[in-house]
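Position 83 (the sequence shown) corresponds to 83 in the UniProt record's numbering; numbering is contiguous.
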Amino acid sequence: MKGRIHSFDTFGTVDGPGIRFVLFMQGCALQCKYCHNPDSWEMNAGRQMDVEDIMKEIEPYLVYYQRSGGGITVTGGEPTLQAPFLARLFAECKKRWGLHTVLDTNGFCEPSHAQELLAVTDLVLLDLKQANPEKHLALTAQPNDRIKRFAETLSEQRIPMWIRHVLVPGWTDDYNDLMELGVLIGSLSSVEKIELLPYHRMGVYKWKQMQKEYPLEQCPTPTDQEVIRARSLIDMGISRQRKDRTTTKS
């Protein structure tokens with residue numbers, strides 16, 4: 001079995017704890033308007049590698065991953081599209097070196113398809129892009145019902161999660177949408193951390209290289225004050241959900 005690989009980074013520090021080997025998988029069913037890796041969308045592109053090929057890329061840097069409390073993170077693209085391959089990779093990383101494993105996913109996956117992968121995953125970085133169904137469709141070209149089911153499955157199975165949300169002015173910063181996102185996060189039982197990521201334009205050059213029109217050409221990056229406001233609204237939604245849950249139980 002071979003996986004289709006977009007690229008990899010041997011010294012990642014932002015996709016999970018410690019220093020990490022970050023494997024970018026090829027292929028994604030979403031087409032987010034702010035995507036900084038549009039060249040990863042096409043499923044049949046990329047470099048084909050087997051598990052042993054990737055293990056050889058990891059091994060020279062193993063001491064850094066182990067001593068820092070890091071490990072391996074798979075991202076994309078969307079890694080769950082290649083869940084069976086990654087399940088083998090994670091299992092081998094654990095068997096051979098005891099590496100910590102992280103799945104960075106948009107959650108657009110039926111939970112049953114990824115169950116073998118989740119069984120060897122220590123942490124999921126779940127990118128919740130937009131809680132509102134209609135706006136999620138407009139932003140990503142896909143609905144979010146499957147993503148919500150995936151999040152609920154992680155919660156039911158008590159798989160640790162870090163929630164990620166990209167704050168895009170005019171697209172993901174509406175008062176009601178952020179409150180709704182907070183309510184959704186508050187309903188999940190295994191969330192350990194929330195990362196609110198300000199929208200950036202670092203991937204715009206890839207759109208131009210691919211001769212694609214960049215949809216958010218006029219979109220500004222959020223200010224510090226806008227980030228603080230958004231985080232407070234998410235926290236309010238979480239508090240509302242937990243209060244409602246406590247009231248229901250009593």
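Ideal placement from N, C-alpha and C gives every residue a C-beta, glycine not left out. All values derive from a computational prediction rather than experimental measurement.
DSSP places E57 in the helix class (H, G or I) of the three-state scheme. Counting only runs of at least 4 residues, the stretch 4–37 fully encloses no alpha helix (DSSP H) element at all.
Distance check between L125 and each of Y175, R4, L99 and I159 places I159 closest, using alpha-carbon atoms only.
A Cβ-Cβ distance of about 7 Å is found for the pair G182 and Q241, placing them in contact under the 8 Å criterion.
Here H200 carries a coil assignment [DSSP, helix/strand/coil]. Under the 10 Å beta carbon count, D53 is surrounded by fewer than 16 other beta carbons and is classified as exposed.
In the DSSP assignment, M179 falls within the unbroken alpha helix (DSSP H) covering Y175 to G186.
If you check the CB distance, L86 and L117 come in under 8 Å.
Nearest to A141 by C-alpha distance, out of H165, F108 and M161, is F108. Looking at Q31, Y175, P17 and G3, the one whose alpha-carbon comes closest to that of F24 is G3. Looking at the backbone, the Cα of C35 and that of M210 are separated by about 13 Å.
In the three-state scheme derived from DSSP, where H, G and I count as helix and E and B as strand, E195 is classed as strand.
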